[in-house]
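Residue numbering for the sequence shown follows this note's numbering, beginning at 6 and increasing consecutively.
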Amino acid sequence: MKLEILAVLSSILVSEAVNFKRSEYSNIANLLQFENLGYNGRYYPVSEIEALNSKDCKCSKDMENPVVFDGPIAPLNEEVSVHIRGPLNLLKFGWYHSESYKFGNTDGNWTRGAFYDALEATAENVTFLGNVGFENVCLGQALIHVDETGISKANDSTILGNVTIPSNYELTIMSDLECSGKECGAFRPDSEAYHGFYGTNKMFLFEFNAPSDLREEDNVNKTWNYDMPAIWLLNAQIPRTSQYPLNPNCSAWNSGAGEFDIFEVMNVTERNHFFSTLHDFQGTDDIGTGIQNFGYLERTPGAVMKGGVVFGEDGSASVFLSNSTSLDSSISNNDLNDWLKPLEDGVVKAETLSTVSLNTASVSSIKTSKSKGDAPSGFQGSFGNGIFITIASFLLGML
Ligand SMILES: *[C@@H]1O[C@H](CO)[C@@H](O)[C@H](O)[C@H]1NC(C)=O
Ligand SMILES: *[C@@H]1O[C@H](CO)[C@@H](O)[C@H](O)[C@H]1NC(C)=O
Ligand SMILES: *[C@@H]1O[C@H](CO)[C@@H](O)[C@H](O)[C@H]1NC(C)=O
Ligand SMILES: *[C@@H]1O[C@H](CO)[C@@H](O)[C@H](O)[C@H]1NC(C)=O
Ligand SMILES: *[C@@H]1O[C@H](CO)[C@@H](O)[C@H](O)[C@H]1NC(C)=O
Ligand SMILES: *[C@@H]1O[C@H](CO)[C@@H](O)[C@H](O)[C@H]1NC(C)=O
Ligand SMILES: *[C@@H]1O[C@H](CO)[C@@H](O)[C@H](O)[C@H]1NC(C)=O
């Protein structure tokens, strides 16, 4: 299906470049872009969730009242949480928001709304959490505070130390604003529930090291997600209910609440390639695979990497690594543009859009009665015709 389009496109691009380590779906790039991100759709939030004991849970979704969303970057314009998978040593993190941003803007500013600095041991508007609480078979472990190691439980909010989160361990970052009432929707009662980071015009910046995991080099299969570091965003509702539930009613993820993978190693074969993937129903009915940008950014184990993702009201998501990145309390678009511009220079831009026809059969269970669209049936009701997503990679030149 859509993957074929991308594969063909990427092989054309690969053939134009020399000295790439070839792989069917991979092109080295400096900047990975999604254009036309955001659509009119809906997802089904969890309305009830509870771990009844260590084995059973009770979850429901309100199928009569989906969340209907629309507009640039939707549904990722809702609050999102930030997730880290090791091996990764997070040195700095910042969330920024702006009144307005379109890719290439040189006027306007970004305001930092959350910040963490490992070496200074400071955190503002940041809460470090992990799936280290009460274990329930259908929900997994509850999301609660972690201590400075990032992988053990703490009784209270604690600033993460300068540590390397090991392979397969995950860390969650939320704001320091606790969910007080219904505004966060349902959340697991035995977890710690915080707000995520809001905005359509929002930016997440990171300084980090993703050192190679050499512990089990001779037996890679022993550890799940061995040496596959990642940084990604989820609709903040997802971790507040359950990230990896056995019961599909315990998370809004599968109905399309939204996930954006910023930097993700997908497998050990390409352990030094960071891919970026969108997981919702824009342009695909296969949320598990999602829409992966066909470029990748280079992971340099042992070096400090700097970069992140910028989302704008023009429906752009720009994922980049640039040593120019700095996490100041205010960032002008002039500076941001200076970081991004060189990444575009002298490179091949992939202009082709993937326009994907939607498979209505597999989503026939979605009710149409609440649809904002005018089409009478299923998927088309909310997705309309001609919804497509553009993916562009800026390839490194002919090095
Ligand atoms: C590793 O992941 C990349 C990106 O998704 C994919 O193109 C490649 O085929 C994968 N390799 C293996 C061996 O699974
Ligand atoms: C951006 O910040 C600069 C320096 O702080 C300031 O001079 C300028 O007025 C700001 N621009 C906007 C649009 O807020
Ligand atoms: C957390 O609280 C429990 C119960 O009050 C206490 O026994 C334990 O020592 C505390 N742990 C830490 C790390 O403070
Ligand atoms: C931070 O941690 C890394 C390894 O995790 C270490 O190499 C580095 O020296 C530490 N920096 C400081 C200032 O402690
Ligand atoms: C902290 O983050 C929350 C949630 O996104 C936001 O509402 C709040 O304004 C932030 N606080 C500051 C001081 O920026
Ligand atoms: C999920 O919720 C739906 C609607 O409330 C219900 O019909 C279904 O049985 C539930 N599934 C599970 C596995 O609990
Ligand atoms: C960025 O900095 C890292 C670490 O200092 C270095 O290894 C890398 O070569 C730099 N990249 C560029 C493009 O200058």
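Every residue gets a Cβ at the ideal spot worked out from N, C-alpha and C, and that includes glycine.
If we count the other Cβ atoms within 10 Å of its Cβ and call it buried at 16 or more, is residue i buried or exposed?
{"i": "Gly293", "result": "exposed"}
{"i": "Phe399", "result": "In this prediction, Phe399 has a pLDDT of 42, which is less than 50 and means its spatial position is unreliable; what the coordinates show is noted afterwards. Classification of Phe399: buried, given that the 10 Å Cβ count is 16 or more."}
{"i": "Lys187", "result": "exposed"}
{"i": "Thr330", "result": "buried"}
{"i": "Glu53", "result": "exposed"}
{"i": "Asp218", "result": "buried"}
{"i": "Ser58", "result": "Sequence check: residue 58 is Asn here, not Ser. Classification for Asn58: exposed."}
{"i": "Ala198", "result": "buried"}
{"i": "Asp223", "result": "exposed"}
{"i": "Lys227", "result": "exposed"}
{"i": "Leu404", "result": "Any reading at Leu404 must be qualified, since the residue scores a pLDDT of 25, below 50, and its modelled position is unreliable; the value itself is stated next. It counts as exposed."}
{"i": "Leu165", "result": "buried"}
{"i": "Val225", "result": "exposed"}
{"i": "Trp229", "result": "exposed"}
{"i": "Val87", "result": "buried"}
{"i": "Leu42", "result": "buried"}
{"i": "Ala366", "result": "Caution is warranted here: a pLDDT of 29 is assigned to Ala366, below 50, making its placement in the model unreliable, and the coordinate value is therefore given only provisionally. Burial call: exposed."}
{"i": "Leu148", "result": "buried"}
{"i": "Gly383", "result": "With a pLDDT of 24 at Gly383, under the threshold of 50, the modelled position of this residue cannot be trusted, and the question is left open."}
{"i": "Ser327", "result": "buried"}
{"i": "Asp161", "result": "exposed"}
{"i": "Glu221", "result": "exposed"}
{"i": "Asn298", "result": "buried"}
{"i": "Ser157", "result": "exposed"}
{"i": "Leu302", "result": "buried"}
{"i": "Ser374", "result": "Legend: pLDDT at Ser374 = 23, less than 50; position of this residue unreliable, no value from coordinates given."}
{"i": "Glu125", "result": "exposed"}
Between which two residues does the alpha helix (DSSP H) carrying residue i extend?
{"i": "Gln242", "result": "242-246"}
{"i": "Glu349", "result": "338-349"}
What residue range is occupied by the uninterrupted beta strand (DSSP E) comprising residue i?
{"i": "Trp100", "result": "93-102"}
{"i": "Trp115", "result": "114-122"}
{"i": "Ser334", "result": "Segment: none, Ser334 is in no beta strand (DSSP E) and carries neither H nor E."}
{"i": "Ser323", "result": "322-326"}
{"i": "Glu129", "result": "127-129"}
{"i": "Asp266", "result": "264-269"}
{"i": "Leu148", "result": "145-150"}
{"i": "Leu134", "result": "132-141"}
{"i": "Lys107", "result": "Lys107 -> no beta strand (DSSP E), and no H or E assigned at all."}
{"i": "Val273", "result": "No beta strand (DSSP E) holds Val273; DSSP gives it neither H nor E."}
{"i": "Met310", "result": "309-316"}
Quick one: measure Cβ to Cβ for residue i and residue j, integer angstroms, because I've assumed they're closer than 8 Å.
{"i": "Leu176", "j": "Val151", "result": "7 Å"}
{"i": "Leu332", "j": "Leu210", "result": "5 Å"}
{"i": "Phe202", "j": "Ala119", "result": "6 Å"}
{"i": "Ile296", "j": "Phe268", "result": "Ile296 to Phe268, Cβ: 16 Å. No contact."}
{"i": "Gln38", "j": "Ser321", "result": "6 Å"}
{"i": "Ser104", "j": "Asn206", "result": "Before going further, note that residue 104 is Glu rather than Ser in the sequence given. Between Asn206 and Glu104 the Cβ distance is about 7 Å, and since that is below 8 Å, they are a contact."}
{"i": "Thr163", "j": "Phe133", "result": "7 Å"}
{"i": "Pro77", "j": "Glu318", "result": "5 Å"}
{"i": "Gly135", "j": "Gly155", "result": "7 Å"}
{"i": "Val85", "j": "Leu238", "result": "4 Å"}
{"i": "Ser335", "j": "Thr116", "result": "6 Å"}
{"i": "Ala308", "j": "Asn167", "result": "With 8 Å as the limit, Ala308 and Asn167 do not qualify as a contact, their Cβ atoms being about 16 Å apart."}
{"i": "Val142", "j": "Met208", "result": "That pair is no contact at about 38 Å."}
{"i": "Ser323", "j": "Leu36", "result": "6 Å"}
{"i": "Ala191", "j": "Thr274", "result": "Actually they do not touch by this definition, with Cβ atoms about 39 Å apart."}
{"i": "Val270", "j": "Pro234", "result": "6 Å"}
Would you say residue i faces chain B, with C-beta separation under 7 Å as the test?
{"i": "His200", "result": "This model lacks chain B altogether, as it is built from one protein chain only."}
Discussion item. Give the list of continuous alpha helix (DSSP H) stretches no shorter than 4 residues that lie fully inside the stretch 26-87.
Written reply: Segments of the alpha helix (DSSP H) lying fully in the stretch 26-87: there are none.
Practice prompt. Could I get the ranges of all uninterrupted beta strand (DSSP E) runs contained in the stretch 157-184, with 3 residues as the minimum, in chain order?
Written response: Runs found: 175-179.
Discussion item. Going residue by residue through the stretch 278-303, where are the continuous alpha helix (DSSP H) segments of at least 4 residues, counting only ones entirely within it?
Written reply: Positions of the alpha helix (DSSP H) runs, each at least 4 residues long and wholly inside the stretch 278-303, cannot be given because no such run exists.
Discussion item. Using a Cβ distance threshold of 8 Å, determine whether the stretch 62-80 contacts the stretch 233-253, with at least three qualifying pairs required.
Written reply: Taking one beta carbon from each stretch, the stretch 62-80 and the stretch 233-253 have 3 or more pairs nearer than 8 Å; the two touch.
Worksheet item: Taking three-plus beta-carbon pairs below 8 Å as touching, is the stretch 128-146 in contact with the stretch 336-349?
Response: Three or more Cβ pairs closer than 8 Å define a contact, and the stretch 128-146 falls short of that threshold against the stretch 336-349.
Worksheet item: Is it a yes or a no for the stretch 165-179 touching the stretch 78-97, going by three-plus beta-carbon pairs under 8 Å?
Response: Result yes; three or more Cβ-Cβ pairs closer than 8 Å.
Item to complete: Could you pull out every unbroken beta strand (DSSP E) segment of at least 3 residues lying fully inside the stretch 198-226, listed in chain order?
Response: Qualifying beta strand (DSSP E) stretches, in chain order: 207-214.
Worksheet item: Does the stretch 40-48 come close enough to the stretch 259-274 to have 3 or more Cβ pairs within less than 8 Å?
Response: At 8 Å Cβ cutoff, the stretches touch.
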